[in-house]
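A.B. asks: First residue of the sequence shown: 1467, per our numbering; consecutive thereafter. Positions of the beta carbon are idealized from the N, C-alpha and C atoms, including for glycine. Can you read through this structure? Questions will come right after.
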Amino acid sequence: MYKKHITTLMLSFSACANADIYETPTHIEFSYQAEDSQSYYLFDTPYSYNSQTPYNLGLTESEFKLEEPELPKYLTVQSEKDWDYLKGQTYTILGLSVATVGLMTLLPESITKWDEEDRDLSGLGSKWKDNVTSGPVWDRDDHFLNYVMHPYFGGVYYTAARHAGFNEFESFLYSATLSTFFWEYGVEAFAEVPSWQDLFITPFFGAVVGEMMFEAEQDIVVNGGEVWGSETMGNVSLFFLNPVGHIHGWVSDAWGGSAEFQFNTKPWFGNQDVAKFALDSGASYDDIFYGVEMKITF
């Protein structure tokens, strides 16, 4: 009986000693022979003591870490120049500019300085030609429009390019191109003569204002989208700091279609069959032709 207890103690001590060797998997099988010739196994499986990691537990690193929700594209900055994204934003600017002109026709003359003749939609082609050849001039627009709204819209153009991955100088060139040729000598020239203030203030002051808007927006994003501790104030601020990006993102998500815009100088947009039919019908061939073509896909 005493031999039986001594043997059990020795086996227990031996098991504890071997447990210290925990880096090497070992198959251990202990047994002892009792008087009734039956074998009793204390350990019958291999064991190994290793530090546990997420990979040992069957978890990948992405599963182990809590994933943050992905920000919409208009709140991020592209790591490379994204021409398609910039083109899409340009189409949005085109639509917003036309809507802006329509809104300005409803504003009083004391603000826009557009008289009834400027608001007349008949003879737009000849009116545009007269305004372009008569300018630029020093305009008499309201100071709020010239020195607040024009720099702001220049900044809006600027931030559109910044979000598409373009640097400061390239974004300035984009803003200057849109404000000069698209707005001042384009859309607005149908109603008034281009002005010196707009040609200078919109792109140059707009670049300064735009970079400030861009940096302020990124600070709000880093702060979790809050301003003064308010998420609502943060959302409103983010919209006005990048309205083109927000509207473009909303329309793209809700619509899911595509649009193509093309400027054309060929009569009948280069369609020879239509041009021949027009000539056969007695229509004169117009050598001077300027037009835009937009194709919308739903």
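1. Distance, Cα to Cα, F1697 vs D1685?
2. Going by other Cβ atoms of all chains shown within 10 Å of its Cβ, with 16 needed for buried, is S1600 buried or exposed?
3. Please state whether DSSP places S1718 in a helix, a strand or coil.
4. Let's test the definition: count the other Cβ atoms within 10 Å of the Cβ of R1628 and tell me whether it reaches 16, buried, or not, exposed.
5. Identify, in the order they occur along the chain, each residue of the same chain with its Cβ nearer than 7 Å to the Cβ of I1667, setting aside the five sequence neighbours on each side.
6. Would you say the stretch 1639-1647 touches the stretch 1590-1598, given that touching needs at least three Cβ pairs under 8 Å?
7. Quick test of your reading: L1569 and V1687, contact by CB under 8 Å. State the CB separation rounded to the nearest angstrom.
8. Spell out a yes or no on whether the stretch 1653-1663 and the stretch 1620-1638 are touching, meaning 3 or more CB-CB pairs, one atom from each, closer than 8 Å.
9. Is it buried or exposed for D1739, if we count other Cβ within 10 angstroms and need 16 for buried?
10. Skipping 5 residues on each side, what residues in its chain have a beta carbon closer than 6 Å to that of A1749?
11. So, for V1567: in the same chain, excluding its five sequence neighbours on each side, which residues have a beta-carbon less than 8 Å away from its beta-carbon?
12. Are F1632 and K1553 closer than 8 Å when you measure CB to CB?
13. Taking T1556 as the reference, give the member of Y1623, G1690 and G1700 with the closest Cα.
14. Could you check if S1545 is buried or exposed, using at least 16 other CB atoms within 10 Å of its CB as the buried criterion?
15. Verify whether the separation of the beta carbon atoms of A1673 and F1619 is less than 8 Å.
16. What is the rounded straight-line gap between the Cα of H1609 and the Cα of E1634?
17. Measure how close the beta-carbons of G1691 and L1707 come, nearest whole angstrom, since I'm counting them as under 8 Å.
18. Helix, strand or coil, according to DSSP, for S1645 in the structure here?
C.D. replies: Based on what the coordinates show:
1. First, the residue type needs correcting, since residue 1697 is Glu and not Phe in the sequence shown. One C-alpha to the other measures close to 14 Å.
2. exposed
3. Three-state result, S1718: helix.
4. When all chains shown are included, R1628 counts as buried.
5. N1612, Y1613, H1616 and P1617
6. no
7. The distance from the Cβ of L1569 to that of V1687 is about 30 Å, inconsistent with a contact at the 8 Å cut-off.
8. no
9. exposed
10. Answer for A1749: no residue qualifies.
11. V1653, E1654, F1656 and A1657
12. no
13. Y1623
14. Exposed: under 16 other Cβ atoms inside 10 Å.
15. no
16. 27 Å
17. The pair is not a contact, with the Cβ atoms about 12 Å apart (cut-off 8 Å).
18. helix
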